[in-house]
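Notes follow once the structure below has been shown.
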Amino acid sequence: MSSKIILLLFSIGFLPLVFDNSFAQITSGGFGQSPFERDFGDVKFLDAYFGTINEKIEVEAGDENVPFTVVLANVGTQDITGIRGQLSLPMGFSASDGPSSIIRADSDSNSLAGENFHITFFVNIDNNVKIQQYPGTVKVDYSRLRESGVRTAFADFDFKVTGDSVINVKAQEPFLTSLTTNNVVIEISNDGTAPISSVDIVATNTSTELASTSSSTTNVENVVILESSWDIGNINPKSSRYLTATVYVPETLKGDTLRIPLSISYYNAHGDLHTISKIVDFYIKGLIDLTIFNVEVIKLSGTQMVIGEIINEGNEDGLFGFVSIKPKGDSNIKQSTQFIDEIEVDAPVPFNVPIEFNGQPRYGEHEITITVRYKDSTRDEIFLTQDQIINVVKPSNDDENETDPAIIVIPIILIVGIAIYIIRRRKKTAIKAS
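Read the sequence shown against our numbering and you will find it ends at 657, with the numbers running on by one and no gaps.
Below, the structure is given as structure tokens:
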């Protein structure tokens, strides 16, 4: 009987241990495998992210001394003070004081009951850390007002290494031409490691904005831009999107730099809206507008020549001009070139290129291509071509039998000279005989 009683008492004493393990109850106030010992408190976790209380920031591997903010709430009925925090992050994250230091921080103020407060730590990120989500744990020590002793609260959370977005803008073709309409393509690139989304761009007029030198930051108010806003969507890391615009530039801006300010709004990897300003620059060239006219064939000094004129109706001279004729189709005219130098504005420039043949001359109609080659103020070489039909006339028999006047005149002069000489000799002889 006594042995049964002893066995029953042993069983009753053993049961709590069995049920404690069966229901996996947490001892010592802990949660899982946290490095901190835990107890319930009056502090509730709200958020954790890289950045300050005013702004989340994008970070990537290799960043150092980066602010890491934990936001909490005082859900108790009393104010708390003496707030101190300790942060536990996975491998690859360390205190800014060094890899062996504990990540600690203090709150700058007390927290009233029912109010939020924050603790900002400073963290180094290892070069091998990947862009992804990571787990973390925070320990908060605090004291209640009018109460001795220190209370402790713990919270597990997830945070992101977002990568860093880097936005740049540039023109695909950095030159505009005055007195004409220009189709402009602007590249918006994300050279960073974090994506950006819902990208909206607005061309702004900042003529009233002054730099520190009290000069206008842009002259975009002097041009006409037909489009002023663009929605280009998302831009992934290391990729670009493009926008197009139609820009008319007046003559007065020739030789100036046009600065178009762009306001770029987007959502970063945290989902926060950001707006930045960028300026894309263009150099404004003068307009060279050439026309070839009055093309015909004439005979000059016994040689048939292609002649014509070039008119420049722009506002800038063409430099280092050349005119070439080239055979087209079955024409056997030899390619020839003439240097005409500058092609000035509003002043017709004549050209005359002699006609020569590859092989026997072929008379009648010939198809040729007239090419004007010149350079603009940026020393870019430009070509203007025009196809033309010319008529090469066969020389007439009269032309072939035509005698050079010099052949007739010279003998006459010689005969006259000889006659004069003979007459003078006779006169001299007669005078001596008398």
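Note that beta-carbon positions come from the ideal geometry of N, C-alpha and C, so glycine has one too.
Bear in mind that the values here come from a model prediction, so they are computed numbers and not experimental data.
In the DSSP assignment, Gly544 falls within the unbroken beta strand (DSSP E) covering 541-551. Of the residues assessed, Thr475 falls on the exposed side of the cut-off, its CB having fewer than 16 other CB atoms within 10 angstroms. Just measuring C-alpha positions, the residue of Ile533, Phe316, Arg482 sitting nearest Gln356 is Phe316.
Fewer than three Cβ pairs drawn from the segment 480-496 and the segment 582-602 lie within less than 8 angstroms of each other, which leaves the two stretches out of contact.
Cβ-Cβ separation between Thr375 and Glu283: approximately 33 angstroms, too far for a contact (criterion under 8 angstroms).
Under the DSSP assignment, Phe340 falls in the beta strand (DSSP E) whose first and last residues are 339-348. Taking the Cα of Phe344 as reference, the smallest distance to any Cα among Val294, Phe574, Glu536 is reached at Val294. Here DSSP, grouped into helix, strand and coil, assigns Thr594 to strand. With respect to the 7 angstroms criterion, Gly537 and Asn517 are not classified as neighbours on the basis of their beta carbons.
According to DSSP, Glu410 shares a beta bridge with Lys393, Tyr465. Looking at the DSSP output, Tyr471 sits in a beta bridge with Thr404, Val447.
With a cutoff of 7 angstroms on beta-carbon distance, Val425 and Ser463 are scored as not near each other. A check of alpha carbon separations from Val503 across Met314, Leu510, Ser421, Val408 identifies Val408 as the nearest. In this structure, Thr275 places its C-beta atom within 7 angstroms of the C-beta atom of Pro290. For Asp504, the uninterrupted beta strand (DSSP E) run begins and ends at 496-508, by DSSP. Counting C-beta pairs closer than 8 angstroms gives three or more between the segment 590-605 and the segment 500-515, which meets the contact rule. Per DSSP, the continuous beta strand (DSSP E) segment holding Pro484 begins and ends at 480-490. Cβ-Cβ separation between Ile306 and Ser334: approximately 7 angstroms, consistent with a contact (criterion under 8 angstroms). Here Asn581 is near Asn555, since their CB atoms are less than 7 angstroms apart. Proximity to Pro577 across Glu444, Lys522, Glu396 peaks at Lys522, based on C-alpha coordinates. In this structure Ser559 is in contact with Glu579, their Cβ atoms being roughly 6 angstroms apart against a cut-off of 8 angstroms. Around the beta carbon of Thr526, a 10 Å sphere encloses fewer than 16 other beta carbons of the protein chains shown; the residue is thus reported as exposed. When the Cα atoms are used, Gln611 and Ile411 turn out to be separated by approximately 45 angstroms. Under DSSP, Pro322 takes part in no beta bridge, so it has no partner. A check of alpha carbon separations from Val568 across Gly541, Pro484, Glu519, Ser332 identifies Gly541 as the nearest. In this structure Glu281 is buried. Its beta-carbon is surrounded by 16 or more other beta-carbon atoms within 10 angstroms. Take the alpha-carbon of Ile515 and the one of Ile534: they are about 7 angstroms apart. A Cβ-Cβ distance of about 6 angstroms is found for the pair Pro418 and Asn457, placing them in contact under the 8 angstroms criterion. Between the alpha carbons of Asn351 and Ser371 lies a gap of roughly 45 angstroms.
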